[in-house]
Amino acid sequence: MLLRLDTTFPAWRKGPARYGGKWASIECEMQTHFPGFDVKRKKLQSICTRGRGKRQLHELQNRLKVLGLDMHKQNVDAVKVRERNAEESTKDAHEVAALQAAVKKLEQQSVVEVAAGKAAATEAERLKIQSQQVVEAKEDLEKVNVLLTKKFEHLMMQFEARKERDKKRIAVLVKQLEGERAANTELLRALGEGDGTEDTRDN
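Residue numbering for the sequence shown follows the UniProt record's numbering, beginning at 1 and increasing consecutively.
Structure, rendered in structure tokens:
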């Protein structure tokens, strides 16, 4: 809230205001910007001091973001240098603690990112090996498919050849059977004629 007030009323940064008309005007503006906000008539100087402290801390935090830290060691070292410079330029323990916490957080995030990077590299290697295995399995399957296709074609050729041989053999057997049937018919006819002749002789 102090940061918002400080941004809304930049004139506060110049120094404290006196009670009276100026405070009434500021109070009216605050009510306009923040309806329902209960304004306590404390010393504006203390409010400005706190607001400036918060603003400086906010600027330091924004400065860390603008640097585009990528969690690497050199960036962490740069933040540590800024922390030392901040310690020299200000005695605000809260700001120093915030910077230390930011550095610690960056170091922790750096460790996490390094671990995540190693895990990602391991996973990528595993996927690469798995992909190679899939390719090899596919090639083996294609080879087996070619062999099975050739074997099937060979068996079909054998089947067709055997089928043709059996067809010819059956034709020969049918012809032989027809010949034998004709011979049997002639034999029966001859036997029938012979029996008629003998009957005539007996009479």
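The beta-carbon is built from N, C-alpha and C at its ideal position, and this holds for glycine as well.
CB contact flag (residue i, residue j, <8 Å)
i: E107; j: Q56; result: no
i: A101; j: L64; result: no
Spatial distance of residue i from residue j (CA atoms)
i: V172; j: Q132; result: 60 Å
i: A97; j: Q61; result: 12 Å
i: L187; j: R181; result: 10 Å
i: L177; j: N184; result: 10 Å
i: K150; j: R169; result: 28 Å
i: E113; j: I129; result: 24 Å
i: A124; j: K105; result: 28 Å
i: K167; j: L148; result: 28 Å
i: A120; j: V134; result: 21 Å
i: E160; j: V144; result: 24 Å
i: V174; j: R162; result: 18 Å
i: L127; j: V111; result: 24 Å
i: A137; j: V146; result: 14 Å
i: L191; j: G179; result: 18 Å
i: R50; j: G117; result: 42 Å
i: A115; j: Q109; result: 10 Å
i: M156; j: E139; result: 26 Å
i: H33; j: G53; result: 22 Å
i: R189; j: R165; result: 36 Å
i: P35; j: T122; result: 56 Å
Residue from the options whose Cα sits closest to the Cα of residue i
i: H58; options: A116, L99, N145; result: L99
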